[in-house]
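For what it's worth, our numbering labels the leading residue of the sequence shown as -18, then goes sequentially.
What follows is a short report on a single structure.
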Amino acid sequence: MARLKVTQIRSGIGRKQNQRDSLRSLGLKRINDVVVKEDRPEIRGMIFAVNHLVSVEEVE
């Protein structure tokens, strides 16, 4: 299964609560935090909610 490398590039301060919750659920706490997640629809949905705050790369 493909994996996604998600990097937080902007702060969640001043954002809506659901966006802050999505960052936290992805495991991102601060700028430049990096997590690797399985490519699943639930993860894609959380990434879509905060796509302006993160960068995403596909890794093996």
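Idealized CB from N, CA, C, for every residue including glycine.
7 Å Cβ cutoff met for residue i and residue j
i        : j        : result
Asp20    : Leu(-15) : yes
Gln(-11) : Ile12    : yes
Gln(-2)  : Val31    : no
Ile28    : Val40    : no
Nearest-angstrom Cβ-Cβ length linking residue i and residue j, presumed shorter than 8 Å
i    : j       : result
Leu4 : Gly(-7) : 5 Å
Pairwise C-alpha distance: residue j and residue i
i        : j        : result
Leu34    : Ala(-17) : 22 Å
Val16    : Leu9     : 7 Å
Lys18    : Gly26    : 13 Å
Val(-13) : Pro22    : 15 Å
Opposing strand residues paired with residue i [DSSP bridges]
i    : result
Gln0 : According to DSSP, Gln0 bridges with nothing at all.
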